[in-house]
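First comes the structure, then the notes that go with it.
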DNA sequence: AATGGTAATAGGACCCATTACTGATAATCG
DNA sequence: CGATTATCAGTAATGGGTCCTATTACCATT
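Chains as they are written, first to last, in this note's numbering: chain A, 650 to 778; chain B, 650 to 778.
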C-alpha cells in the first residue's frame, strides 16, 4: 500500500520533534488544532497509530483506564506516571534488567512486558503535596 | 458510614472464594446472574469497588484498554496477560524483587508499581498457535 | 493540464468499560 | 414496630477510542 505524505501527518510528526513530554492523543490534537483548526480527532488517532506501526514513535499503553501516551524515544524503556499531574516521564532503568530474574518453567511464553511506576514527580512534590 | 450485609454483596464474595481465574467485572456479572438474574451491572461494579477498598480483593488495572481484572489473592504480586485468550495468571516472581535495582537520584517518588507480562499461556500454546 | 485510481481526510456515529443519577427496597438501630 | 439510610435495579451519561461515509488530496499517466 502506497504511503502518501500529507500536511496532517507531517504536522503531527513535527509536534513530536524534540518533544519529550509523552503527550496523549488529546494533547496532540489540541496542539495540532493551533496550526490546523479543522484537523479531526480521527485523523490524529489514525496517524498516531500509523506512526507507531511504522516505528517512528512508541505507544505507552494506559494502565487503569486513562489515555495512552506517546513517546518519541523509540528504544524500549520504562516509564513513571505521576498520579497528581498525570504526566509520564522516562525511567533510566535498563530494559530487560529484571527479566533475567524470571523463574524458569513458567507456564507462560513471555513476548513483551510493561513496567510502570506510580508516584509523584519532582515538580509536583515541589509544589507541596 | 454503616456497612450493611446484603445478598448481592455476599454472592459476589462467594464467587471469589477459591476462584483463582482473575475474573473481569463482566465475568462476575454473568456468574452472579446465574444465581440472581436481576442483579444489575452497577451493583457488581459498586461492590467490586467496595471489596477492593476494604482489601478483600485486588484490582488488576487493565493495560491498554481492556477491562480490569480482580484477584482473590490480596498480597501484591505480578501478573501475565495472555493476548490470545485474554486471561490473567499469577507470576511467581517476588514482588519488589527488582525495585532494589532502581537507580538512586530519580526525580520521582515511587509509591507503587505495576508489572505485566504479555504473551501466550500454556493452554493457548498447546491449542496450537 | 486533465484524468483515473486510491490514500487520507473531516465529521460524526458508534463501542466498550465504567460511573453517576434516580426512585425503590430493605437492613439495621432505637 | 417504625424511621433512617445504605444499598439496590435500571438507565442515562461519560471517556477513550474505533469505525463508517462522503469528500478531498495526492500522484502517476497520458
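Every residue, glycine too, gets a C-beta built ideally from N, C-alpha and C.
Since we're looking at a predicted model, the values are computed, not measured.
1. Residues of chain B with CB under 9 Å from residue 711(A), in chain order?
2. By the DSSP assignment, the beta strand (DSSP E) with residue 717(B) in it spans what residues?
3. The alpha helix (DSSP H) with residue 654(B) in it runs from where to where?
4. On the three-state DSSP scale, how would you describe residue 756(A)?
5. Cβ of residue 756(A) less than 8 Å from any chain B Cβ?
6. Given residue 664(B), which residues of its chain have a CB within under 7 Å of its CB, disregarding the five upstream and five downstream residues?
7. Output the distance between the C-alpha atoms of residue 764(B) and residue 738(A), rounded to the nearest integer angstrom.
8. Would you call the region 720 to 737 of chain A and the region 717 to 734 of chain B in contact, with 3 or more CB pairs under 8 Å?
9. With DSSP as the reference, label residue 734(A) as helix, strand or coil.
10. Under the three-state reduction of DSSP, which class applies to residue 751(B): helix, strand or coil?
11. Using only the alpha-carbon positions, how far apart do residue 727(A) and residue 693(A) sit?
12. Locate the beta strand (DSSP E) running through residue 708(A), then write down its first and last residues.
13. Mind listing which residues of the region 721 to 747 of chain B have their C-beta closer than 8 Å to chain A's C-betas, in chain order?
14. Could you check whether the Cβ of residue 702(B) sits closer than 8 Å to any Cβ belonging to chain A?
15. Once you ignore the five residues that flank residue 657(A) on each side, which residues in its own chain have a CB closer than 6 Å to its CB?
16. Between 730(A), 756(A), 668(A) and 749(A), which lies nearest to residue 740(B) when the distance is taken from Cα to Cα?
17. So with CB distances below 8 Å, who are the chain B contacts of residue 679(A)?
18. Between residue 785(B) and residue 759(A), what straight-line distance do the alpha-carbon atoms span, to the nearest angstrom?
19. Indicate whether at least one CB of chain B lies closer than 8 Å to the CB of residue 776(A).
20. Might you give, ordered along the chain, the residues of its own chain that have their beta carbon closer than 8 Å to the beta carbon of residue 766(A), omitting 5 neighbours on each side?
21. Please confirm whether residue 761(B) has its beta-carbon closer than 8 Å to some beta-carbon of chain A.
22. Taking 8 Å as the cut-off, decide whether the C-beta atoms of residue 708(B) and residue 701(B) are in contact.
23. On the DSSP letters alone, give me the boundaries of the alpha helix (DSSP H) that residue 678(B) sits inside.
24. Could you check the C-alpha separation between residue 699(A) and residue 651(B) for me, to the nearest Å?
The structure says:
1. Numbered from 1 along the first chain, position 62 holds the residue referred to as residue 711(A). 710, 711, 712, 713 and 714, listed in chain order.
2. Mapped onto the second chain, residue 717(B) falls at position 68. Unbroken run through residue 717(B): none, as it is neither H nor E.
3. Position 5 of the second chain, counting from 1, holds the residue named residue 654(B). Looking at the DSSP string, residue 654(B) is not in any alpha helix (DSSP H), and its letter there is neither H nor E.
4. As a first step, residue 756(A) must be located in the first chain, where it is residue number 107. DSSP places residue 756(A) in coil when its eight states are reduced to three.
5. Position 107 of the first chain, counted from the start, is the residue given in the question as residue 756(A). Chain B contact via Cβ: present.
6. One-based indexing of the second chain puts residue 664(B) at position 15. Hits under 7 Å: 677, 680 and 681.
7. Reading the second chain from its first residue, position 115 is the one you call residue 764(B). Reading the first chain from its first residue, position 89 is the one you call residue 738(A). Each residue's alpha carbon lies about 16 Å from the other.
8. no
9. Taking the first residue of the first chain as 1, we reach residue 734(A) at position 85. It is coil, neither helix nor strand.
10. Numbered from 1 along the second chain, position 102 holds the residue referred to as residue 751(B). Residue 751(B) falls in the coil class under three-state DSSP.
11. Locating residue 727(A) in the first chain gives position 78, where the first residue counts as 1. Locating residue 693(A) in the first chain gives position 44, where the first residue counts as 1. Each residue's Cα considered, the two are about 25 Å apart.
12. Working through the first chain from its first residue, we reach residue 708(A) at position 59. Taken as a continuous stretch (DSSP letters only), the beta strand (DSSP E) holding residue 708(A) covers 707 to 709.
13. 729, 731, 732, 738, 740, 741, 742, 746 and 747
14. The residue labelled residue 702(B) in the question sits at position 53 within the second chain. No, because no Cβ of chain A sits closer than 8 Å to the Cβ of residue 702(B).
15. One-based indexing of the first chain puts residue 657(A) at position 8. Here the set comprises 688 and 692.
16. If you number the second chain from 1, residue 740(B) lands on position 91. Closest option to residue 740(B), Cα to Cα, is 756(A).
17. Residue mapping note: residue 679(A) aligns to position 30 of the first chain, counting from 1. Result: empty, since nearest Cβ-Cβ is about 22 Å, beyond 8 Å.
18. Because chain B spans 650 through 778 in this model, residue 785(B) falls outside it and cannot be assessed.
19. Looking up residue 776(A) in the first chain gives position 127. No, no contact with chain B.
20. Here residue 766(A) refers to the residue found at position 117 when the first chain is read from its first residue. Cβ within range, chain order: 727, 728, 729, 730 and 740.
21. Mapped onto the second chain, residue 761(B) falls at position 112. Taking Cβ atoms only, chain A reaches closer than 8 Å to residue 761(B), which makes this a yes.
22. Numbered from its first residue, the second chain carries residue 708(B) at position 59. Numbered from its first residue, the second chain carries residue 701(B) at position 52. In contact: residue 708(B) and residue 701(B) (Cβ atoms closer than 8 Å).
23. Position 29 of the second chain, counted from the first residue, corresponds to residue 678(B). Residues 674 to 684.
24. For this step, residue 699(A) is matched to residue 50 along the first chain. For this step, residue 651(B) is matched to residue 2 along the second chain. For residue 699(A) and residue 651(B), the distance between alpha carbons rounds to 52 Å.
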